[in-house]
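Student: Residue numbers (this note's numbering), protein chains in the order written: chain A, 1 to 354; chain B, 1 to 354.
Protein chains: 2
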Amino acid sequence: MGSDMGPEELIIGVKKALAEDKSNYEIIIVGNESVITPMLLRHNLIRESRIKVYHASEVIEMDEKPIQAIKSKRDSSMMRAIEIVKLGTADAVLSCGNTGALMAGGTIKLRTMDGIERPALGTVIPGKTKNFVMIDVGASPDPKPESLVDNAILGANYATVALGVSNPRVGLLSNGTEDGKGNMLVQTAHRLFKSQEGVINYRGLLEGFNLFDGDFDVVVCDGFTGNLVLKSLESSARMFKDILKEEIYKSWIRKLGIFLARGAFIDMKKRLPIDKFSGAPLLGLNGLVVKAHGSSNRKQIAGALEITLRCLRKRMNDRIKEDVHRLNSIVEENKARAYEKEREILKSRETVQE
Amino acid sequence: MGSDMGPEELIIGVKKALAEDKSNYEIIIVGNESVITPMLLRHNLIRESRIKVYHASEVIEMDEKPIQAIKSKRDSSMMRAIEIVKLGTADAVLSCGNTGALMAGGTIKLRTMDGIERPALGTVIPGKTKNFVMIDVGASPDPKPESLVDNAILGANYATVALGVSNPRVGLLSNGTEDGKGNMLVQTAHRLFKSQEGVINYRGLLEGFNLFDGDFDVVVCDGFTGNLVLKSLESSARMFKDILKEEIYKSWIRKLGIFLARGAFIDMKKRLPIDKFSGAPLLGLNGLVVKAHGSSNRKQIAGALEITLRCLRKRMNDRIKEDVHRLNSIVEENKARAYEKEREILKSRETVQE
Chain A
1 MGSDMGPEEL
11 IIGVKKALAE
21 DKSNYEIIIV
31 GNESVITPML
41 LRHNLIRESR
51 IKVYHASEVI
61 EMDEKPIQAI
71 KSKRDSSMMR
81 AIEIVKLGTA
91 DAVLSCGNTG
101 ALMAGGTIKL
111 RTMDGIERPA
121 LGTVIPGKTK
131 NFVMIDVGAS
141 PDPKPESLVD
151 NAILGANYAT
161 VALGVSNPRV
171 GLLSNGTEDG
181 KGNMLVQTAH
191 RLFKSQEGVI
201 NYRGLLEGFN
211 LFDGDFDVVV
221 CDGFTGNLVL
231 KSLESSARMF
241 KDILKEEIYK
251 SWIRKLGIFL
261 ARGAFIDMKK
271 RLPIDKFSGA
281 PLLGLNGLVV
291 KAHGSSNRKQ
301 IAGALEITLR
311 CLRKRMNDRI
321 KEDVHRLNSI
331 VEENKARAYE
341 KEREILKSRE
351 TVQE
Chain B
1 MGSDMGPEEL
11 IIGVKKALAE
21 DKSNYEIIIV
31 GNESVITPML
41 LRHNLIRESR
51 IKVYHASEVI
61 EMDEKPIQAI
71 KSKRDSSMMR
81 AIEIVKLGTA
91 DAVLSCGNTG
101 ALMAGGTIKL
111 RTMDGIERPA
121 LGTVIPGKTK
131 NFVMIDVGAS
141 PDPKPESLVD
151 NAILGANYAT
161 VALGVSNPRV
171 GLLSNGTEDG
181 KGNMLVQTAH
191 RLFKSQEGVI
201 NYRGLLEGFN
211 LFDGDFDVVV
221 CDGFTGNLVL
231 KSLESSARMF
241 KDILKEEIYK
251 SWIRKLGIFL
261 ARGAFIDMKK
271 RLPIDKFSGA
281 PLLGLNGLVV
291 KAHGSSNRKQ
301 IAGALEITLR
311 CLRKRMNDRI
321 KEDVHRLNSI
331 VEENKARAYE
341 KEREILKSRE
351 TVQE
């Protein structure tokens with residue numbers, strides 16, 4: 001356990017989550033007991049029956065190489081937390097740690113579900129009127145077109161849980177919506193989507209320019225593009241904020257003005273619920289792995305815990321498995337139909353030759 | 001000629017550019033004479049010796065399919081404008097029209113330079129302290145790794161002209177900077193960059209999260225990723241602006257506050273010089289093709305004209321050709337060296353066998 005703000009911020013986040021949700025569930029804090037116990041004491045959590053502590057002696061640092069780290073640090077809090085999910089002791093793991101290590105560790109230990117080749121990282125992004133799920137934002141930089149169809153199933157189920165939409169509208173992110181636009185991956189995936197109607201509510205391609213317009217509940221992309229779009233958006237928002245702050249601090253009249261108008265900024269922030277959706281699940285594994293931002297504060301920790309609980313309570317992974325099964329039936333049916341068609345063509349040729 | 005704001009906005013933009021730059025150059029306005037002449041009269045430009053009109057009877061609309069449009073509308077203003085560049089009557093073409101048609105028409109008519117396989121669209125993006133060139137933002141969605149190296153040359157030369165930096169620092173956009181990060185394209189291109197030092201000042205990988213930090217003058221990527229990052233940034237900026245406006249208009253005290261603080265917003269806009277770099281050149285062709293935003297206003301038209309002139313005056317395309325030539329010499333040298341090495345190994349083996 002840990003975040004850029006230290007383990008105490010995490011403990012406070014847990015306390016907040018437990019206070020907000022009084023129902024019966026258990027949080028297992030995995031990490032160095034000698035660090036955690038005094039903190040639990042300090043925050044009056046030592047007698048909280050819903051908190052358990054599971055000792056782990058090592059920590060995977062943020063800048064460690066993922067594969068090397070998960071191999072060499074077997075008693076790290078992250079690997080131990082994944083392990084207890086594998087053993088069935090816990091239902092989900094939430095971590096603010098090294099994303100690469102969490103993805104690699106989660107994938108290696110928990111394995112992907114039957115029918116899913118690669119896991120995908122989904123995240124909620126605020127839109128102008130509606131929020132949407134973007135998937136994949138970093139797990140697979142070079143997926144096959146089939147994986148983008150899987151991402152749609154994973155993302156749609158997450159959208160149902162996180163955003164409360166039924167039959168989520170799925171779009172495929174592209175550099176243009178006209179025929180022939182998109183890179184080869186997108187073009188092939190677009191054809192696949194169109195041939196596999198029934199499980200996914202596929203609504204076609206969408207451009208970056210229309211990303212925030214609210215026409216799609218799930219935006220599907222490869223992990224390379226998704227990561228870059230997400231991270232660029234985060235860093236541009238940070239830049240605008242920094243520049244505006246600098247400019248405001250240049251005169252007292254500007255400061256006064258912003259003080260008077262502060263309600264607009266507060267309400268704007270409310271409309272962009274970053275804290276609420278601070279956890280991003282790594283979907284498609286046998287077990288739930290949720291990644292929270294390395295720089296998460298208490299509010300964001302609590303938000304990530306809440307979203308994790310919601311995924312579990314709505315039995316999201318079971319629903320994903322059902323959808324994957326349905327999709328595979330359609331794929332098999334399509335194959336059988338194509339085979340039947342080919343056979344008929346061959347037969348009619350034989351008849352002609354006779 | 002034309003923009004979403006109609007042809008008159010363009011004429012006013014031309015007038016602005018001519019007023020700002022008194023030196024001797026000529027602007028050929030390509031389009032329907034019967035539309036253009038009355039406008040020139042209205043704006044006192046009919047006797048302006050630096051303006052010529054070249055008649056074209058057709059217009060390629062924004063929503064037309066590029067290849068079909070350039071084939072069927074041979075007398076369109078766009079195709080005529082590209083043609084006079086090919087004939088040497090003009091040195092560059094500037095258009096606010098259909099991007100796909102401009103790229104396809106430019107590439108087919110003008111052809112790429114020797115040693116460049118595909119053209120790339122470069123654009124200036126404002127950073128927190130420094131602006132940078134991003135290339136490619138939409139010309140080639142599926143480039144080869146070698147094309148990313150070409151993009152670096154194209155982008156670096158454009159950065160020198162547009163941003164005034166010598167020896168621009170080139171970065172390769174990736175989903176992470178550690179070894180092994182990036183998709184296959186980025187990984188291969190990264191190795192290529194490292195083996196071809198001398199022409200390009202390559203500084204390694206950069207993440208979306210550090211895009212605006214000012215550590216790179218040129219950010220190289222494929223046209224699919226670049227388009228999506230650029231368009232998402234544009235649309236998120238629009239969304240933030242819209243939401244903030246809505247929230248401000250909810251009460252008079254907020255409106256008063258923003259009125260008092262308006263200087264901060266004006267200065268912020270000055271620090272993000274969107275109008276100045278409103279033209280994005282399609283680089284790597286035998287001739288200069290510059291794309292301005294479809295929604296360009298007069299200021300942005302003038303800005304795009306100014307950047308076009310600067311590219312011509314600094315003989316950018318000649319410099320690109322020199323760099324491509326130098327790069328190819330290094331590639332050939334590397335090949336020769338590798339061949340020599342292999343031969344020596346074979347020789348030593350023969351000696352051992354004797």
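Beta carbons: idealized from backbone N, C-alpha and C, even for Gly.
As the structure is a computational prediction, the values presented were derived from the model and not from experiment.
#1: Hey, would you say ALA280/B sits closer than 8 Å to LEU45/B, going by beta carbons?
#2: Would you mind telling me which residues of chain B sit closer than 8 Å to GLY182/A, beta carbon to beta carbon, in chain order?
#3: Less than 8 Å between the C-beta atoms of GLU146/A and LEU94/A, yes or no?
#4: Are the segment 92-106 of chain A and the segment 256-269 of chain A touching, with three or more C-beta to C-beta distances below 8 Å?
#5: Kindly indicate if chain A contains any beta-carbon less than 8 Å away from that of ASN210/B.
#6: Please list, in chain order, the chain A residues whose beta carbon lies closer than 8 Å to that of ARG254/B.
#7: Tell me whether the segment 242-261 of chain A and the segment 194-203 of chain A touch, counting them as touching only if at least three CB pairs, one residue from each stretch, are closer than 8 Å.
#8: Put PHE216/B into one of helix, strand or coil per three-state DSSP.
#9: Please confirm if LYS71/A has its CB atom under 8 Å from at least one CB of chain B.
#10: If the cut is a Cβ gap below 9 Å, which residues of chain A does GLU146/B touch?
#11: Compare the C-beta of VAL229/B with all C-beta atoms of chain A and state if any pair is closer than 8 Å.
#12: Determine which residues of the segment 115-139 of chain B have a Cβ less than 8 Å from any Cβ of chain A, and write them out in chain order.
#13: Measuring straight from C-alpha to C-alpha, what distance separates GLY106/A and ILE116/B?
#14: Is any beta-carbon of chain A found at less than 8 Å from that of ASP150/B?
#15: Answer with yes or no whether the minimum CB distance from ASN175/A to chain B is below 8 Å.
#16: Ordered along the chain, which non-local residues of its own chain (more than five positions away) have a Cβ less than 6 Å from that of ILE274/A?
#17: Are PHE216/B and GLY171/B close, meaning C-beta to C-beta below 8 Å?
#18: Between the Cα of LYS130/B and those of VAL165/B, ALA156/B and ASP136/B, spot the shortest distance and give me the residue it belongs to.
#19: Give the C-beta separation of ALA152/A and VAL218/A to the nearest angstrom, bearing in mind that I take them to be a contact with Cβ-Cβ under 8 Å.
#20: What is the DSSP secondary structure of TYR249/B, reduced to helix, strand or coil?
#21: For ALA280/A, which beta-bridge partners are listed by DSSP?
#22: DSSP three-state call for LYS144/A: helix, strand or coil?
#23: So does the segment 283-292 of chain A actually touch the segment 283-301 of chain B, counting three or more Cβ pairs closer than 8 Å?
#24: Which residue's Cα is closest to the Cα of LYS109/A: ILE135/A, ASP136/A and MET79/A?
#25: Determine, using beta carbons only, whether THR177/B and LEU148/B come nearer to each other than 8 Å.
#26: With which residues is GLU58/B paired in a DSSP beta bridge?
#27: Name, please, each residue of chain A whose Cβ falls closer than 7 Å to the Cβ of ARG271/B.
#28: Between the Cα of PHE277/B and the Cα atoms of LYS299/B, PHE265/B, GLY263/B and GLY257/B, which residue gives the shortest distance?
#29: Using the beta-carbon of each residue, which ones in chain A are nearer than 8 Å to ILE248/B?
#30: Please return the same chain residues whose Cβ sits closer than 6 Å to the Cβ of GLY138/A, not counting the five positions on each side in sequence.
#31: Enumerate in chain order the residues of its own chain whose CB-to-CB distance from ALA387/B is below 6 Å, with the five nearest sequence positions on each side excluded.
#32: Indicate whether LYS241/B and TYR249/B have their beta-carbon atoms separated by less than 8 Å.
#33: Report, in whole angstroms, the separation of the C-beta atoms of ALA261/A and GLY263/B, which I expect to be a contact under 8 Å.
#34: Would you call the segment 296-310 of chain A in contact with the segment 9-19 of chain A, where contact means no fewer than 3 C-beta pairs closer than 8 Å?
#35: Chain B beta carbons: is any one of them nearer than 8 Å to that of PHE240/A?
#36: Shorter than 8 Å from the beta carbon of LEU233/A to some beta carbon of chain B?
Tutor: In brief:
#1: No, they are not a contact pair.
#2: Neighbours of GLY182/A on chain B, chain order: PRO141 and PHE224.
#3: No, Cβ-Cβ distance for GLU146/A and LEU94/A is not below 8 Å.
#4: The segment 92-106 of chain A and the segment 256-269 of chain A do not touch, with fewer than 3 CB-CB distances between them shorter than 8 Å.
#5: Taking Cβ atoms only, chain A reaches closer than 8 Å to ASN210/B, which makes this a yes.
#6: Residues of chain A passing the Cβ test: LEU260, ALA261, GLY263 and ALA264.
#7: Inter-segment contact for the segment 242-261 of chain A and the segment 194-203 of chain A is absent: fewer than three beta-carbon pairs are separated by less than 8 Å.
#8: Judged by DSSP in its simplified three-state form, PHE216/B adopts coil rather than helix or strand.
#9: It does not: the Cβ of LYS71/A has no partner Cβ on chain B nearer than 8 Å.
#10: By Cβ distance, chain A contributes nothing, its closest Cβ being about 17 Å from GLU146/B, past 9 Å.
#11: Chain A contact via Cβ: present.
#12: Shown in chain order are the members of the segment 115-139 of chain B whose Cβ falls below 8 Å from a Cβ of chain A: GLY127, LYS128 and GLY138.
#13: When the Cα atoms are used, GLY106/A and ILE116/B turn out to be separated by approximately 43 Å.
#14: Contacts with chain A at 8 Å (Cβ-Cβ) do not include ASP150/B.
#15: Under the 8 Å criterion on CB atoms, ASN175/A is classed as interfacial with respect to chain B.
#16: Within the same chain, and ignoring the five residues on either side of ILE274/A in sequence, no residue has its Cβ closer than 6 Å to its Cβ.
#17: In contact: PHE216/B and GLY171/B (Cβ atoms closer than 8 Å).
#18: Taking each of VAL165/B, ALA156/B and ASP136/B in turn and checking the Cα distance to LYS130/B, the smallest one comes out for VAL165/B.
#19: By a beta-carbon distance limit of 8 Å, ALA152/A contacts VAL218/A. Their separation comes to about 6 Å.
#20: When DSSP states are grouped into helix, strand and coil, TYR249/B belongs to the coil group.
#21: The partner list for ALA280/A (beta bridge, DSSP) reads LYS291/A.
#22: In the structure shown, LYS144/A sits in coil (DSSP, three-state: anything other than H, G, I, E or B).
#23: Using a C-beta cut-off of 8 Å, the segment 283-292 of chain A makes no contact with the segment 283-301 of chain B, since fewer than three inter-stretch Cβ pairs fall below that distance.
#24: Considering only ILE135/A, ASP136/A and MET79/A, the residue with the shortest C-alpha distance to LYS109/A is MET79/A.
#25: No; because the gap between Cβ atoms is not below 8 Å, this pair is not in contact.
#26: According to DSSP, which records beta bridges pairwise, GLU58/B is partnered with SER76/B.
#27: ARG271/B reaches chain A at ILE243, counting residues in chain order whose Cβ is nearer than 7 Å.
#28: Nearest in C-alpha terms to PHE277/B, of all of LYS299/B, PHE265/B, GLY263/B and GLY257/B, is LYS299/B.
#29: In chain order: ALA261 and ALA264.
#30: Cβ neighbours of GLY138/A beyond the five flanking positions: LEU121, GLY223 and ASN227.
#31: What is shown of chain B runs 1 to 354, which leaves residue 387/B out entirely.
#32: No; because the gap between Cβ atoms is not below 8 Å, this pair is not in contact.
#33: Actually they are not in contact, since the Cβ atoms of ALA261/A and GLY263/B sit about 13 Å apart, beyond 8 Å.
#34: Counting C-beta pairs with one atom in each stretch, the segment 296-310 of chain A and the segment 9-19 of chain A have three or more that are closer than 8 Å, which means they touch.
#35: With its beta carbon less than 8 Å from one in chain B, PHE240/A belongs to the interface.
#36: Taking Cβ atoms only, chain B reaches closer than 8 Å to LEU233/A, which makes this a yes.
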